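If you read the protein sequences in the order shown, they are chains A and B.
At position 91 of the first sequence the residue is numbered 90 (numbering that gives the first Met the number 0), and the sequence of numbers has no breaks.
At position 74 of the second sequence the residue is numbered 73 (numbering that gives the first Met the number 0), and the sequence of numbers has no breaks.
Below is one structure, written out as structure tokens; comments come after it.
2 protein chains.
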Amino acid sequence: MAGSITDRVAVIGMGCTKFGERWESSGDDLLVEACTEALSDAGIDAKDVEAAWVGTLSSSMSGFALTRPMKLDNVPVTRVENACSSGIDAFRNACFAVASGMYDVVLAAGFEKLKDQNVRGLGTVYAGHPVFFSTTTGPGAFSLAATRYLGRFGATKEHLAKIAVKNHRNGAMNPKAHFRREVTVEEVCSAFPIAYPLGLLDCCPTTDGAAAAVIVPADRAREFAKEFVRVKGLGLAVSAGTGQILDDYDYLHFPEATAAARQAYDQAGITDPLRQLDLVELHDCFTITELILYEDLGFCAKGEAKRFVDDGVFEREGELPVNTSGGLKACGHPVGATGLRMIYEGYQQVLGRAGRRQLPTCDLAMAQTLGGIPGMFVAGVAIVGR
Amino acid sequence: MAGSITDRVAVIGMGCTKFGERWESSGDDLLVEACTEALSDAGIDAKDVEAAWVGTLSSSMSGFALTRPMKLDNVPVTRVENACSSGIDAFRNACFAVASGMYDVVLAAGFEKLKDQNVRGLGTVYAGHPVFFSTTTGPGAFSLAATRYLGRFGATKEHLAKIAVKNHRNGAMNPKAHFRREVTVEEVCSAFPIAYPLGLLDCCPTTDGAAAAVIVPADRAREFAKEFVRVKGLGLAVSAGTGQILDDYDYLHFPEATAAARQAYDQAGITDPLRQLDLVELHDCFTITELILYEDLGFCAKGEAKRFVDDGVFEREGELPVNTSGGLKACGHPVGATGLRMIYEGYQQVLGRAGRRQLPTCDLAMAQTLGGIPGMFVAGVAIVGR
């Protein structure tokens, strides 16, 4: 049976670039920006980094992606590629290496430079895969879940819109978000259609960015930093499915997300996530994704999410704030960076550094990513806290 | 300072496909073949695999690469991509996860399906990289090292040829090698020129294949298997260079290989590798690579390798047998598989299962990979033993 590394590793510094259309910056520039902020926050010199992990879907290759821009000559650097969970899985592997006793100071970074790559950054990167993305796009695949969910449970485009409104409201308070303007339910519902029922404002944008974390053994954290968070749980679940309509799949569940969350909940001792978690950053690549995740992560029963949305449970002032950063919806989704950007939000909130977005209480924060399409996901979870 | 996981994890089963032109098999087929053999060797059912790592340069994407063919639904699978060190780095990360206490039974696999991809599997996969492989090919880049080394140290094409002859002789005894025929010094020296001084028989072929390992905590190994090997040392060193001629680089050293070996030697308590190691599987992508590695891995002083070759030190009957499997030269080099295929040779030799290739004594075996081009390498090392 799987064990745990709960409370044995700590994050002593983090960094995150401004997310957005970073035409002026290369992928190297973004990595340097995020890693330098993380190292500076931790009070660690780059030469003291013993090993590193870098997550990217398609913006570079091999450990060179990080050694060259950061001048980490002959340092062991692993490139992790795990679709939209690349960043969280880079973090996960870095945590294992520290918990194993092999290293004491490691860096986990994630980035993506999507604007220069145009669509190469998304769908077509999988063109060589035997089944994946051969006949569909992200919005097209998730629209299948949206039509099915709305039809089955009587949710409406307005319920989806309320999620976009919430995340844009939060994002307006996040200086690192791609979009910092609020939107209304009316604007979301009347936005240009992308793949029915998803309109432009139901979709996350195409964004450049990077984020990074410095990780050490928890029993040594205080030697390095006054403030830090502990890693409480790590989950990863990868589908064996093919993401095709011919699969026996109902489009109402993301079972990989449930499986990954269960791993992390078990490690962190969480039996009632709605009450025990203080913040969740989850993978709102589309508004429907967030709606279904409320249920699959165990915050409410299947089909109940619309009522929870109407009740404001996941608002910043609600019982379980979700995506206080603005989520993928407002921050954007530079693929390899996203998981670490979510952990960054949790880190800031737990340490009381979230500025205007600061929650009154935040002792336990979860980051959750979902890579792929319905029927074929890589789901990742990281829980950090005091 | 870096620590160690020496003797804390064990390999209880391994598998390796026949390497070669596997037109009849997909990448999925190859992975299933190698993983099934490894699981069967370990006496482990696929459903007992708690987590996995899969190394591939370009033959698939994300953890899906392994979950789908092996039907490991919702299992955590990380794809590691680290150039020609992808397989050894997948193994390394799997070892860390077991040593961390998170998992007790994990799988590390590596594969590449190169024949169907043609050159996509090699040079052009890096076409998007800002500097790498923009103006050169593998043979072209290593020919720079060969001309420089031959000119500086007075080695000859015959010294290189003797390495090819040795590895083909070993490969002829390996049922899983791509090429199983012996060659003569004369044949190697007069083979079709590829990039002077490297001819066709100085170069490894383009090959399909997969290899896999089942890894558990060493203190539980005996519960699972009667025979196993322990992991003694793991090294990885990634260059911050650009692999371009304009770099300040002498083409006579592979410093990344030295750095990675030093990490593993320190962990395994090796101060005199020539005498302490019983077998080395090293990265002979070209004959010149093997020649330079004799020096950079510490078997002899710089410039001395040709004398050691003439003295037969690295023959199967010599003081330190190198590439008893036949190496990349005879086995071929399916990129993501190579590191694990080397560990497989060490595993077989240590357990006395190497058939006609069996060494009289083999208690400590090293696998060593080198990804990239001179001036820009990812070097990996894994040492296993009793």
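No residue lacks a Cβ here, since even glycine has one placed at the ideal position from N, Cα and C.
Values in this document were obtained by computation on a predicted structure and should not be read as measured data.
Among the options, which has the Cα closest to the Cα of residue i?
| i | options | result |
| --- | --- | --- |
| T135 of chain A | A:A236, A:M375, A:V187 and A:L290 | A:M375 |
| L197 of chain A | A:H167, A:H158, A:K231 and A:G234 | A:H158 |
| A336 of chain A | A:K156, A:P359, A:G311 and A:K175 | A:K175 |
| S84 of chain B | B:C15, B:A259, B:L276 and B:V215 | B:A259 |
| A82 of chain B | B:A236, B:A353, B:S324 and B:A263 | B:A236 |
| V31 of chain B | B:G14, B:E20, B:A41 and B:F18 | B:G14 |
| I382 of chain A | A:Q262, A:G325, A:E318 and A:R315 | A:Q262 |
| P138 of chain B | B:R315, B:A160 and B:P192 | B:P192 |
| F110 of chain A | A:G19, A:H252 and A:E316 | A:G19 |
| E318 of chain A | A:P272, A:M341 and A:L199 | A:P272 |
| A145 of chain B | B:K112, B:Y250, B:A1 and B:E280 | B:Y250 |
| K17 of chain B | B:G311, B:C34, B:E314 and B:V105 | B:C34 |
| G297 of chain B | B:L113, B:V279 and B:Y248 | B:V279 |
| G325 of chain B | B:M365, B:L292, B:R356 and B:L276 | B:R356 |
| R219 of chain A | A:R21, A:K70, A:G100 and A:F63 | A:G100 |
| R21 of chain A | A:C330, A:A64, A:A267 and A:I43 | A:C330 |
| L29 of chain A | A:R340, A:V308 and A:G345 | A:R340 |
| A108 of chain A | A:D27, A:L292 and A:H177 | A:D27 |
| A160 of chain A | A:E344, A:C202 and A:G170 | A:C202 |
| K156 of chain B | B:D309, B:D115, B:T270 and B:E314 | B:D309 |
| T368 of chain A | A:H332, A:T360 and A:Q347 | A:H332 |
Excluding the 5 residues preceding and the 5 following residue i in the sequence, name in chain order all residues of the same chain whose CB lies nearer than 8 Å to its CB.
| i | result |
| --- | --- |
| A154 of chain A | Y148, L290, A304 and K305 |
| F386 of chain B | Look at the range of chain B in this structure, 0 to 385, and you will see that residue 386 of chain B is not part of it. |
| R91 of chain A | L233, L235, G379 and A381 |
| E23 of chain B | none |
| M60 of chain A | R78 |
| A300 of chain A | E294 |
| G151 of chain A | One detail in the question is off: residue 151 of chain A reads as Arg in this sequence, not Gly. The residues are L251 and G302. |
| E314 of chain B | K165 and P320 |
Please go through the same chain and pick out, in chain order, the residues whose beta-carbon is closer than 6 Å to the beta-carbon of residue i, but skip the five residues on each side of it.
| i | result |
| --- | --- |
| G351 of chain A | none |
| R385 of chain B | D362 |
| E255 of chain A | A236, S238, F376 and A378 |
| G240 of chain A | D246, G374 and M375 |
| G370 of chain B | A82, C83, S84 and V377 |
| M403 of chain A | Residue 403 of chain A lies beyond the residue range present for chain A, which begins at 0 and ends at 385; the question has no answer from this structure. |
| A267 of chain A | K231, G232 and I382 |
| T257 of chain B | D295 |
| K112 of chain A | G26, S58 and D207 |
Got a sec? Which residues, its chain only, sit under 7 Å from residue i by beta carbon, not counting five neighbours each side?
| i | result |
| --- | --- |
| T164 of chain B | Here residue 164 of chain B turns out to be Val, not Thr, going by the sequence shown. Taken in chain order, the residues that qualify are V182, T183, V184 and V187. |
| T66 of chain A | D72, V74 and V76 |
| D88 of chain B | G54, V79, N81, L235 and G379 |
| R119 of chain B | In this prediction, R119 of chain B has a pLDDT of 46, which is less than 50 and means its spatial position is unreliable; what the coordinates show is noted afterwards. Excluding sequence neighbours, R119 of chain B sits near S57. |
| A217 of chain A | D6, R7, V8, A9 and R229 |
| C94 of chain A | I4, V8, I214, V230 and L233 |
| L199 of chain B | A190, F191 and I193 |
| A96 of chain A | A50, Y102 and V105 |
| H128 of chain A | Note that H128 of chain A scores 47 on pLDDT, short of 50, meaning its location in the model is unreliable and no value can be drawn from it. |
| V312 of chain B | E318 and L319 |
| A171 of chain B | R179, R180 and E181 |
Would you list the residues sitting across from residue i in a DSSP beta bridge?
| i | result |
| --- | --- |
| A9 of chain A | A:V215 and A:R229 |
| C15 of chain A | A:A210 |
| E36 of chain B | Beta-bridge pairing links E36 of chain B to no other residue. |
| V105 of chain A | A:A50 and A:I214 |
| F110 of chain B | B:A209 |
Completely contained beta strand (DSSP E) runs for the region 235-315 of chain B, where each covers 3 or more residues: Segments of the beta strand (DSSP E) lying fully in the region 235-315 of chain B: 278-280.
In the region 179-230 of chain B, which residue ranges form an unbroken beta strand (DSSP E) of at least 3 residues, counting only runs that do not cross its ends? Considered as a whole, the region 179-230 of chain B harbours 192-194 and 208-216 as its complete beta strand (DSSP E) runs of no fewer than 3 residues, in chain order.
Is the region 222-230 of chain B close to the region 47-54 of chain B, with three or more CB pairs under 8 Å? At 8 Å Cβ cutoff, the stretches do not touch.
For a minimum of 4 consecutive residues, which ranges assigned as the alpha helix (DSSP H) are wholly contained in the region 319-384 of chain A? For the region 319-384 of chain A, whole alpha helix (DSSP H) runs of length 4 or above, ordered along the chain, are 326-330 and 334-349.
Starting from the N-terminal side, write out each stretch of the alpha helix (DSSP H) that is 4 residues or longer and does not extend beyond the region 49-93 of chain A. Counting only runs of 4+ residues, the alpha helix (DSSP H) found wholly inside the region 49-93 of chain A occupies 63-69, in chain order.
Could you tell me whether the region 18-38 of chain A touches the region 201-218 of chain B, using the rule of 3 or more Cβ pairs below 8 Å? Fewer than three beta-carbon pairs drawn from the region 18-38 of chain A and the region 201-218 of chain B are found closer than 8 Å, and the two stretches are therefore not classed as touching.
Evaluate the contact criterion for the region 208-218 of chain A versus the region 5-13 of chain A: three or more CB pairs, one atom per stretch, below 8 Å. By the C-beta criterion, the region 208-218 of chain A is judged to be in contact with the region 5-13 of chain A, since at least 3 inter-stretch pairs fall below 8 Å.
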